[in-house]
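Residue numbers (this note's numbering), protein chains in the order written: chain H, 30 to 415; chain W, 30 to 415.
Where is the CB? At the ideal position from N, CA and C, for every residue including glycine.
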């Protein structure tokens, strides 16, 4: 995608607003921030894409979230398209925006990711998220996402000797990073002991192995690169694949991740050695561990030791989730994928303050949407660079 | 869109399956039919778009409808993107498919529109559809879609003298057309007297002025035109706009329709005089009447007389909804926009049997998604031709 640039970004703080903020309200804040950051007026935007998933199920406001949020920033009349792809709804929306520009139908496109999850109970939230799996079979058998990922963790421990302490290291690292991010849901450090002693959810995962349900919004302006200003960063790739669901696939990996990443590296003309930071879909501690392996940051089965060594910490060899990730920054489903690109843009611009990765020139975002037959429903991998 | 062709189409019968058929099941039937009709194998499909709206709210199966339906036809591994735009979800999905091809990322794309609505109660269905409006304000005031359109009908009668009998003529015509469509939800004729005596819903609209909640799926294969075979038809335009919500806008028209239609005529290089049939969003009788005016088939305020004259009947000057429309063919929300293009493709191929429009060479589809502040949330207008 040699021709695309991110002109501006905006984000609310992610958090649990408990119904005090609507999708319209959160969306408006992020969109107006992104327009201001891009120094662009609403009339220069040709189209908008909105990634939002379970807000309809949880609040009843299904289809018009985009129209309502954008209207308050003066964005009316243009094509507004909602994209829904479970937890990768936001990154899928970015992908559609890139296609609209490449197709020649738009010069500048606004992308909004937004979700309201905490206006309902946690049980209702978890139940809504089950709609990102197969409710007729797996759902009917009582499978939930914590259950799926607990099975992966059990199998990873069995195959590779991965320990509970190594899983906890993911949570400790991401909370340490979140404590440096003023937009994060959780801005406090936690200890390994706290993770190990936390209330059990699905063995071996405890509550501190799980990302929270969050509310929040993130937005960006994508445009043709010839519009680039000094603070713009390039969107080099935005690739998506869905699962193939082979019966003999190991439970401890997602074949979708290397496939999407390979396509993104090729599209970007950049290799993994040229990536300075990684935003990775850590919905559970075991998820980050598996994705770290599947992205090739370490060998298969080595994720536990690798993470425990500090290699993925903010100052490590391969910083993963310096934003705090889903675990500490929070996971307002539809906003997550856009939020990852907001973080990468901020880092590549050198504007990340306390959590700035020194000399960051390129970053990769990995987002997982849905879970079917032990595989991912959809994986999106995007690459941005200076 | 000089370069795009519809290679194949498929559709289930639309109907009220009362939970006996899932979105996966309906989707599979339509997708496999479309692949067969296009004489194409799954490995030739590069991407898929899925339009579905309230199935998640009504059945809990939110994000993975596409993956589940496509998997059973051998379509795995490719990018699968769900698009949601209320009642125009299907046509919005077709638009994204056209962008993916024009962007150069796909050669052949599968589009599926699917909805399951009758597994829940009618009250739950109507409540879910309210999420296609503004639930915080208009919804909280008790507005539903029948209420909105009843207000439009009242105002249209006040401004232009439109009568209850003229509205009924829309329903009578569309049921007459539906009776000739083996895929229609309702395949029986009704009389004007039946419409006038039907149970009231929102004055002046009775139950026979309203389209049903339906289940169903429709699919098509879109590809670059250089792949065209003898039965392929061209997709000449697929344009979308959202509302502008001006305070002084009359209640009796949607400014979005002429705006989207003008863009589509320009893109297609065809004028209204070259269109042989029209599939129009007749969610209520008054809606078809207003859209007929807004599309320029007659002057503003003349819709009632024009329709009552028979000009929009199957053998009339401007045949509108020869498929039966939403009113009689049915309205499985996400499937509707794709189903309109299935009908136009079938007509332009000359394969519409009993309801064939003589010499049909070009058709226009008009789809409305959502309703905000008395205006449409989104309007899609597509044009196909031989």
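Asked, Found
"Rounded C-alpha distance that separates residue 390/H from residue 350/H", "16 Å"
"Residues within the region 178-203 of chain H neighbouring chain W, beta-carbon criterion of under 8 Å", "none"
"Check whether residue 78/W and residue 33/W have beta carbons under 9 Å apart", "no"
"Pairwise C-alpha distance: residue 277/W and residue 185/W", "16 Å"
"Proximity test, Cβ basis, 9 Å: residue 125/H and chain W", "yes"
"Pick from 124/H, 67/H, 194/H and 119/H that is closest to residue 315/H, judged by C-alpha positions", "194/H"
"Strand pairing of residue 395/H, partner residues [DSSP]", "410/H"
"Closer than 7 Å at the beta carbon, the chain H residues around residue 51/W", "165"
"Reduced DSSP category for residue 180/H - H, G, I as helix; E, B as strand; rest coil", "helix"
"Under 9 Å by beta carbon: chain W residues contacting residue 112/H", "110, 111, 112, 113 and 125"
"Sufficient close CB pairs (3 or more, under 8 Å) joining the region 90-103 of chain H to the region 152-167 of chain H", "no"
"Check whether residue 397/H and residue 242/H have beta carbons under 9 Å apart", "no"
"Distance, residue 197/H Cα to residue 332/H Cα", "12 Å"
"Own chain, CB closer than 7 Å to residue 180/W, minus 5 neighbours either side, in chain order", "280"
"Counted within 10 angstroms of its Cβ, other Cβ atoms place residue 288/W as buried (16 or more) or exposed", "buried"
"is_contact[residue 161/H, chain W] using C-beta, thresh 9 Å", "yes"
"Close Cβ partners of residue 405/H (< 6 Å) along its chain, the five nearest in sequence each way excluded", "272, 283, 285 and 397"
"Presumed contact (8 Å Cβ cut-off) between residue 87/W and residue 149/W, rounded CB distance", "4 Å"
"Short-range partners of chain H found in the region 380-411 of chain W, where Cβ spacing is below 8 Å", "398, 399, 401, 406 and 407"
"Cβ-Cβ separation, residue 224/W to residue 201/W (assumed contact under 8 Å), whole Å", "7 Å"
"Three-state secondary structure (DSSP) of residue 355/W", "helix"
"CB contact check: residue 156/W to chain H, cutoff 9 Å", "yes"
"Residue 136/W - containing beta strand (DSSP E), residue span", "No beta strand (DSSP E) holds residue 136/W; DSSP gives it neither H nor E."
"Simplified DSSP state of residue 311/W, which is helix, strand or coil", "coil"
"Beta-carbon contacts of residue 192/W that lie in its chain and below 8 Å, excluding the five residues immediately before and after", "186 and 333"
"Contact belief for residue 358/H with residue 207/H at Cβ below 8 Å, rounded distance in angstroms", "6 Å"
"Cβ-Cβ separation, residue 50/W to residue 244/W (assumed contact under 8 Å), whole Å", "6 Å"
"C-beta atoms of residue 373/H and residue 392/H nearer than 9 Å", "yes"
"Cβ of residue 48/H within 9 Å of any chain W Cβ", "no"
"Three-state secondary structure (DSSP) of residue 174/W", "helix"
"Per DSSP, cross-strand counterpart(s) of residue 229/H", "235/H"
"Contact residues within the region 217-230 of chain W, judged by C-beta distance below 7 Å to chain H", "none"
"Minimum C-alpha distance to residue 210/H - residue among 414/H, 394/H, 369/H and 36/H", "369/H"
"Candidates 274/H, 305/H, 233/H and 362/H, of which the one nearest residue 345/H by Cα", "305/H"
"Contact under 9 Å by Cβ, residue 297/W with residue 270/W", "no"
"Stretch pair the region 63-82 of chain H + the region 162-172 of chain H: three plus CB contacts closer than 8 Å", "no"
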